[in-house]
Structures are given as C-alpha cells and as structure tokens.
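Last residue of the sequence shown: 121 in the UniProt record's numbering, with the numbers rising by one and none dropped.
Backbone N, C-alpha and C fix where the C-beta goes; we use that ideal spot for every residue, glycine too.
The structure presented is a predicted model; accordingly, all values stated were derived computationally and were not measured.
Below is one structure; the comments refer to it alone.
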Amino acid sequence: MKKRVQDFVKKCDICQRHKYQAQCPSGLLQPLDILEQIWEDVSIDFISALPKSKGLDTVLVVVDRLSKYAHFLSLKHPFIAKIMADLFVKEVVKLHGIPKSIVSDRDPFFLGHFWTQLFKS
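Right, dumping it as structure tokens:
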C-alpha cells in the first residue's frame, strides 16, 4: 500500500507542486553595495577553453564594477594559484590599489588556493 501511494504521489502533478520541500532553499541572492569610487569593487572570472595563442588558452577577466573598465590577463591552463595571484597583484593592484571587495563565482579555484596566495603576495 505504501509503495502504491508513493508511486501515485510521484506521478501526480498537483502533489508535486504542493509537496513540502525537505531541503533548505539554496539561499537568497545578496545585493551588491552602491559604489562610490572606481576600483574599490571588482568582479573576476575565467574565460577558458579558448584556442591557444602563444601557448596561452585562458583569460582571467577583472572588471571594475563602477566604471566597467576591464583587465584581461592571459594564463596557460593548468595554472597555479601563485602565478595567478602574482599576475593579479602586478597587473591590477599595482595600477589601482587593493580593492575593497572582489566578487567571483563559486569556482573552486577562487574558494581556496587563490586567496591564500593573494594574501601572501
């Protein structure tokens, strides 16, 4: 009997729309602050799987959120966090100072090694 009820509920459109969700919602999006000065807040992400040019096939894109000015930093895949952090410091921090915030997607690379190496630089 229990199996028949479970099968019925799985196939019932109304039951699926109104059933209780046991999992927590993934979380609300967080609003970004209103900006006042350029290069205080930047967004970073990778563009990968590009055709090779001089042995480089990945681009790290760093965009100022206020002015929309961007830096495109070429990398060779696979890259290591130390090289990327040094390149970020040399090409972005050297010109514009240390940003107040850096927004990135939840790429595993940005969740660990990059931040460790960036703070060591």
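Checklist entry - Would L118 be called buried (16 or more neighbouring beta carbons within 10 Å of its own) or exposed? => result buried
Checklist entry - Looking at the unbroken beta strand (DSSP E) that takes in A70, where does it start and where does it end? => result 70-75
Checklist entry - Which residues mark the beginning and the end of the alpha helix (DSSP H) in which F114 is found? => result Note, F114: alpha helix (DSSP H), 113-120.
Next on the checklist: In the DSSP assignment, the alpha helix (DSSP H) including T60 goes from what residue to what residue?
Outcome noted: For clarity, residue 60 is Leu in the given sequence; the question names Thr instead. No alpha helix (DSSP H) holds L60; the beta strand (DSSP E) holding it covers 58-64.
Item to check | Cβ distance (whole Å) where V42 is taken to contact P99 below 8 Å | outcome: 5 Å
Item to check | For V88, three-class secondary structure by DSSP | outcome: One point to set straight first is that residue 88 is Phe, not Val, in the sequence displayed. Of the three classes helix, strand and coil, the one that applies to F88 here is helix, per DSSP.
Item to check | M1 classed as buried or exposed, judged by whether at least 16 other C-beta atoms fall within 10 angstroms | outcome: It counts as exposed.
Checklist entry - From T116 to Y20, what distance separates their C-alpha atoms? => result 41 Å
Item to check | Among A49, K11, L35, V9, the one whose alpha carbon lies nearest that of I102 | outcome: L35
Checklist entry - Quick one: any contact between the region 44-62 and the region 71-78, if contact means 3 or more CB pairs under 8 Å? => result yes
Checklist entry - Among all the DSSP beta bridges, which residues are the ones paired with F46? => result L60
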